[in-house]
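Participant: Sharing a structure, written as structure tokens. Questions coming.
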Amino acid sequence: MNYYNSNVALLEKKEPLLYRRLMRVAPNRVPALSVSSPLPPDLNLEKADIIIILGFGFGEHVQRAISKASERAFILVIEPDISVFKAALSEVDFSSFLEKRVSLSIGEDPFYATRVRLDNYYGILTLPQIQLVEHHPSTARMPEYYQSIKKNLKEATDVALRNMATLNKFAPEWQKNVLTNLPVLINSPGVNRLFGNFQN
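This is the structure:
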């Protein structure tokens, strides 16, 4: 079965920017990337909060990872070659890839693919445990790109640990300040009470 038309329609709704970029490139069928990459049996995806999948291939391993992940998990799929991703549109049903918790980073630089996408999803990242899933034919094809991805993920983990330390240290003080100022906030009139009370 060819899934291309249904997948393109889904992408146009969920990822309009990616859809427009895809329409400008030709698909690139790389035979080596069609090789299925089984998930290692020791991966505990059910308990992971963040799952990052390196390489899309034809997407079978992505489908398996999504099906094993918990509902709370954020799943980031990183594929640097947009033409390879376009070729996969014909091979697998993308409906599970377009859940809200799944983020597709296709053809993006390593910093945007990792740090920016994590920040966009979490706001303040405080989950340092990241579970990596590698599609080995993909990572072997573009090793420098994926090394840069891993470097950025290490930095994101360091930031998450610092964020956790900051929250643990200052959260009680912030809570105390909010509660101390609560009576003033409740008893002070809002600025909207001033509207219409002044004449030119």
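Everything in the sequence shown is counted per numbering that gives the first Met the number 0, starting at 0 for the first residue and increasing by one. Glycine included, every Cβ here is placed at the ideal spot set by N, Cα and C.
#1: Apply the 10 Å Cβ neighbour rule to Pro-182 and answer buried if 16 or more other Cβ atoms are within range, or exposed otherwise.
#2: Might you give, ordered along the chain, the residues of its own chain that have their beta carbon closer than 6 Å to the beta carbon of Ser-69, omitting 5 neighbours on each side?
#3: Count the CB pairs spanning the stretch 93–107 and the stretch 130–139 that are closer than 8 Å, and state whether there are at least three.
#4: With DSSP as the reference, identify every bridge partner of Val-76, one or two as the case may be.
#5: For Ala-47, which option in Arg-116, Lys-67 and Glu-11 has the closest C-alpha, if you only look at C-alpha atoms?
#6: Relative to the C-alpha of Glu-107, which candidate in Arg-20, Tyr-3, Ala-72 and Val-7 has its C-alpha closest?
#7: Can you name, in chain order, every residue of its own chain whose Cβ lies under 6 Å from the Cβ of Tyr-18, other than the five neighbours on each side?
#8: Leaving out five residues before and five after Ile-65 in sequence, what residues of the same chain have Cβ atoms less than 8 Å from its Cβ?
#9: Quick check on the burial criterion: 16 or more other C-beta atoms within 10 angstroms. Buried or exposed for Glu-78?
#10: Taking 7 Å as the threshold (C-beta atoms), are Phe-110 and Phe-84 in contact?
#11: Compute the Euclidean distance between the alpha carbons of His-134 and Leu-53, then round it to the nearest angstrom.
#12: Do the CB positions of Pro-136 and Leu-38 come within less than 7 Å of each other?
#13: Buried or exposed for Ser-187, going by 16 or more other Cβ atoms inside 10 Å?
#14: Leaving out the 5 sequence neighbours to the left and right, which residues in its chain are closer than 7 Å to Met-22 when beta-carbon positions are compared?
#15: Can you give the Cα-Cα distance for Asn-180 and Tyr-2, rounded to whole angstroms?
#16: Going straight from the alpha carbon of Val-24 to that of Ile-81, what length do you get?
Facilitator: In brief:
#1: Classification of Pro-182: exposed, given that the 10 Å Cβ count is below 16.
#2: Glu-45
#3: no
#4: Ile-52 and Leu-103
#5: Lys-67
#6: Arg-20
#7: Leu-10 and Glu-11
#8: Ile-74, Ser-95, Phe-96, Glu-98 and Val-101
#9: buried
#10: no
#11: 6 Å
#12: no
#13: Burial call: exposed.
#14: none
#15: 57 Å
#16: 8 Å
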